[in-house]
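Take the sequence shown: its position 48, counting from 1, is numbered 53 in UniProt numbering, and each next residue is one higher. For glycine and all other residues, C-beta sits at the position ideal for the given N, C-alpha and C. What follows is a single structure, written as structure tokens, with notes after it.
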Amino acid sequence: HQNFLHQITHNFLKQHDDRIGLTLEAIKDGFLDYLFFNRGTYPDQATDQDIYQALAMTIRDRLVQRWLHTYKKATMEKDTRVVIYLSAEYLMGPQLGHNIVNLGVREVVEKAMNDLGIDLQSVLDAEVEPGLANGGLGNVAASYLDGLSSLEVPAIGYGIRYEFGLFRQSFSNGWQIEETDKWLQFGFPWEIQQFDRAVEIKFGGSTQRVKDESGNEKVNWIPSEEIKGIPYDVFVPGYKVNTVNTLRLWKAEAIDSFNFQSFNVGDYYGAVDKKVSSENITKVLYPNDESIEGKILRLKQQYFFVSCALQDCVNFFLESGGNILDFHEKFVVQLNDTHPTIAIPELMRILVDEQGVAWDEAWHITQKTFGYTQHTLLPEALEKWPVGLLGQILPRHMEIIYDINYKFLNLAREHFPNHQEIIRTLSLIDETGEKYVRMANLACAGSFSINGVANLQTELLKSYTLKDFYSIFPEKFNNKTNGIAPRRWLMLINNRLTQLLDDTIGTGWEKDLDQLKSLEPFAENQDFVNKWKAVKKEIKNDLAQRIFEQQRVKVDPNSMFDILVKRIHEYKRQHLKVLHIISLYRKIKDNPNESYVPRTFIFGGKAAPGYRMAKLIIKLINSVAEVINNDSSINDLIKVVFIPNYNVRNSQWIYPAADLSEQISTAGKEASGTGNMKFSVNGALTVGTYDGANIEIREEVGSDNFFLFGLKADEVKSLKESGYNPYTYYQENESLRKAIDMINHGYFSPNERDLFRPLTDHLLYYDEYMVMADFTDYVRAQEEAEQLWSQSDAWAKASILNTARMGKFSSDRTVREYLRDIWKADAVEINIKDTLH
Ligand code: GLG
């Protein structure tokens with residue numbers, strides 16, 4: 006009967022090429038069909054949301070069959086190796102445009118919409134993007150899934166279906182206001198709920214040692230709470246291939262029977278209350294970037310999605326006839342930072358307690374399964390959980406962690422006999438005060454590969470952060486410099502440039518970004534240089550228009566667009582940029598008759614809601630903008646704009662429009678950065694420190710096409726060690742002093758003179774991130790940029806060379822390296838003409 010049904014489906018699909026085909030007529034029909042039967046409306050009466058939803062469903066139809074084939078014929082096959090990516094965050098960005106690009110139907114869809122009198126861009130604008138990430142860490146997760154699909158490698162990303170994503174940011178009187186991001190309120194057309202693959206997750210309670218039938222000791226975990234994880238599959242299509250991988254996001258739901266029975270009959274409110282509290286687990290994304298929040302709910306989130314993921318893998322492996330002892334042959338599981346590290350003891354628990362595998366064998370499998378990516382150099386971002394808390398939520402895991410630690414420290418003592426101090430730093434448990442579990446240590450001990458995300462960071466991990474692990478396991482360490490997906494970050498967001506590239510060097514670069522190299526000779530071709538400038542001008546016009554519509558600020562598209570967008574954080578030094586702007590403003594006011602380069606400074610980025618200094622920096626930027634933009638004496642020479650609610654959607658207008666990209670973190674603090682890559686590939690020149698991937702970008706694009714400034718990581722370190730006194734820079738540099746004085750005298754906060762004192766005091770007397778020390782050299786680099794800007798052809802040439810030489814930073818290159826060195830999984834070509842069974 007089953008085979009019969011499959012045959013019917015197959016025939017149905019064959020006959021309905023119109024339903025799933027990529028022709029103009031098929032897409033138009035599909036769209037009208039959805040508009041009428043699904044949205045209940047006509048084209049002339051449809052709202053933007055109707056049109057978006059109908060087109061989304063039409064495109065989604067084209068993904069289903071590909072996805073099903075990838076899932077059934079590759080992922081679930083017992084002998085193909087599958088890459089499992091575990092990440093608490095995915096920066097997916099708007100899906101419609103991306104999926105259209107990856108299906109290779111942009112022109113057809115544009116035409117289909119045009120024929121119906123609809124502008125495709127306005128349809129794309131109606132999409133609410135999933136807010137499932139804070140920043141860069143989620144971006145690489147999404148980019149690598151895209152890369153895996155494009156390289157036709159079977160993969161599953163696992164994560165959390167946060168009901169409320171990262172907060173929406175607005176400004177009130179210059180201060181950041183956070184609002185709930187209800188990204189799911191109109192529904193999310195790109196997912197399929199999979200009730201039948203739900204799993205159960207336990208929390209709390211206690212453990213019990215019992216004997217099994219054959220008399221062996223075994224541990225039972227008796228939880229105090231159980232909930233259900235429901236998977237929602239999101240399609241991840243590769244570029245112009247049939248592979249559509251799965252991003253499986255989990256939602257927490259109460260197990261009704263469990264709750265209702267444990268409550269008094271008739272206590273309906275109580276039961277519902279319990280339901281609400283268990284569902285809280287996947288309600289909201291923690292808005293912290295680069296700092297940890299030691300909250301119970303966060304730990305529950307981490308365990309929840311990780312346990313769902315591993316149970317899911319074990320289930321479908323066993324269903325397909327796999328042998329549990331081969332788990333690590335079938336799957337390689339990458340931990341995206343430490344957030345999913347509890348997967349290590351969880352896999353041990355599943356193997357030992359549920360599958361009856363002996364400890365040593367289970368540990369062997371576990372260590373062969375996991376790879377760990379480390380994304381940070383900030384000590385405050387290294388996760389640790391109080392032993393008491395972890396033991397209360399996950400009693401069995403705490404025992405397992407202690408057992409792992411016991412064996413691991415024995416091994417460590419062989420390497421470091423009589424080095425009690427080193428053993429203490431290696432221990433999975435921090436015992437210096439209150440006891441904590443160090444998640445990075447657990448990740449290092451339990452995985453076969455440890456990688457940083459840019460050369461400098463990997464070297465710093467080896468020599469400082471994870472130094473002792475490096476001496477025990479040198480073979481585990483490797484570097485994987487980050488990359489970005491060229492489909493999204495060039496093709497999709499920069500259609501104008503894409504056209505020019507296609508016309509000049511042909512297509513093919515989207516899948517092999519190194520081909521952009523063939524653009525280099527055109528940097529000497531005046532005709533091409535003119536075209537390049539014209540395209541840039543149009544893009545800047547678009548952004549200027551959006552800024553005007555949104556904020557009523559007029560910016561000059563001929564001015565230099567100097568852009569700093571990323572999370573607001575002291576180490577990223579938005580305040581260094583502000584000091585530069587103020588000093589320039591001061592200079593213009595003091596010497597109005599000199600000539601200046603007109604500049605537009607554009608900011609974007611969110612501050613963690615509890616991070617007061619970052620929020621004060623936002624207020625300062627907005628206050629400076631208010632004064633400068635309304636000062637008629639400077640003749641509109643400079644403008645300052647802070648674009649609210651920076652997210653993928655807004656960023657799509659920003660990256661392509663940049664002339665100058667600001668990458669100004671304190672050296673040795675930014676692990677890699679990926680915004681730096683997005684700018685440069687779109688032709689921006691960078692003013693940047695010798696930090697993260699900036700170093701490698703500069704190496705590629707050439708030092709002439711990159712404005713380097715500031716202390717290097719080792720200089721930062723030695724200056725700090727020799728006793729850093731920021732106040733001397735204030736005394737010695739007049740323009741810096743004037744800028745700080747203006748802030749302190751209330752020039753930007755006339756009603757509250759001391760408003761910014763916490764910030765300026767910090768800079769003058771503490772300055773952890775060496776803003777003061779780098780100021781002079783930063784201004785020098787800015788002046789260098791202005792000089793080049795004044796020769797517009799030379800600037801355009803440098804801009805062309807930036808794009809031409811960014812091939813290395815395609816995420817396809819990074820994914821290939823992960824595949825070669827860590828994942829060792831092969832491509833599986835998906836043929837959708839095959840039957841499924
Ligand atoms: C981290 C780092 C970034 C890095 C990103 C992706 O701070 O420097 O580019 O991961 O590896 N928390 C982050 O965004």
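Where the alpha helix (DSSP H) containing residue i begins and where it ends
i      : result
Arg418 : 400-420
Lys592 : 579-595
Ala662 : Neither: Ala662 is in no alpha helix (DSSP H) and is coded neither H nor E.
Trp364 : 364-374
Glu324 : 301-324
Trp800 : 797-809
Pro763 : 762-770
Val110 : That residue, Val110, is in no alpha helix (DSSP H); it is neither H nor E in DSSP.
Burial state of residue i, where buried means 16 or more other Cβ atoms lie within 10 Å
i           : result
Ile301      : exposed
residue 2   : No information on residue 2 is available, as it lies outside the stretch 6 to 842 that the chain covers here.
Ser283      : buried
His402      : buried
residue 848 : The chain is shown from 6 up to 842; residue 848 falls before or after that span and cannot be answered.
Ile165      : buried
Val87       : buried
Leu416      : exposed
Pro345      : buried
Lys577      : buried
Tyr774      : buried
Lys559      : exposed
Alpha carbon of residue i to alpha carbon of residue j, nearest angstrom
i         : j      : result
Leu589    : Gly688 : 25 Å
Asp709    : Val110 : 39 Å
Ile544    : Trp537 : 11 Å
Gln531    : Lys541 : 15 Å
Tyr770    : Tyr732 : 6 Å
Leu431    : Lys467 : 14 Å
Gln126    : Ala93  : 31 Å
Leu394    : Val277 : 26 Å
Asn699    : Met682 : 8 Å
Ser670    : Thr765 : 18 Å
Asp759    : Gln372 : 55 Å
Ile835    : Met496 : 24 Å
Lys838    : Pro99  : 30 Å
residue 1 : Asp272 : Beyond the ends of the chain as shown, which are 6 and 842, falls residue 1; an answer cannot be given.
Ala718    : Glu525 : 32 Å
Ser600    : Gln792 : 12 Å
Ile626    : Phe647 : 7 Å
Trp249    : Met97  : Reading off the sequence, residue 249 comes out as Val, not Trp. Those two C-alpha atoms are separated by around 15 Å.
Beta-carbon proximity check, residue i vs residue j, cutoff 9 Å
i      : j      : result
Ile586 : Phe684 : no
Glu258 : Ile235 : yes
Leu150 : Gly162 : yes
Glu295 : Ala386 : yes
Ser628 : Ser754 : yes
Glu298 : Tyr291 : yes
Gly673 : Val721 : yes
Arg591 : Ala744 : yes
Asp342 : His380 : yes
Phe208 : Ile398 : yes
Tyr39  : Gln20  : no
Gly237 : Lys223 : Before going further, note that residue 237 is Tyr rather than Gly in the sequence given. For Tyr237 and Lys223, no; Cβs fall outside 9 Å.
Asp696 : Leu461 : yes
Asn456 : Phe478 : no
Start and end residues, beta strand (DSSP E) containing residue i
i      : result
Leu665 : 665-668
Ile569 : A quick correction: the sequence has Leu, not Ile, at residue 569. Looking at the DSSP string, the run of the beta strand (DSSP E) that includes Leu569 is 565-570.
Ser454 : 454-457
Glu258 : 249-259
Within-9 Å CB hit, residue i to chain D
i      : result
Val337 : Going by chain labels, chain D is absent from the structure shown, which holds only one protein chain.
Residue i beta carbon near ligand 2 (any heavy atom closer than 8 Å)
i      : result
Val458 : Among the ligands modelled here, namely ligand 1, ligand 2 does not occur.
For the structure I just gave you, are there three or more beta carbon pairs, one from the stretch 607-622 and one from the stretch 641-655, closer than 8 Å?
Segments in contact, yes.
Can we say the stretch 725-742 touches the stretch 786-801, given the rule of at least three CB pairs closer than 8 Å?
Put simply, the stretch 725-742 does not touch the stretch 786-801. Fewer than three CB pairs are less than 8 Å apart.
Say whether the stretch 49-65 touches the stretch 191-210, bearing in mind that this needs 3 or more beta-carbon pairs closer than 8 Å, one atom from each stretch.
Output reads yes: the stretch 191-210 touches the stretch 49-65.
Counting pairs of beta carbons, one from the stretch 315-324 and one from the stretch 197-213, are three or more of them closer than 8 Å?
Touching, yes.
Quick check: the stretch 817-836 against the stretch 142-160, are there 3 or more CB pairs under 8 Å?
Cβ pair count under 8 Å is three or more, so yes.
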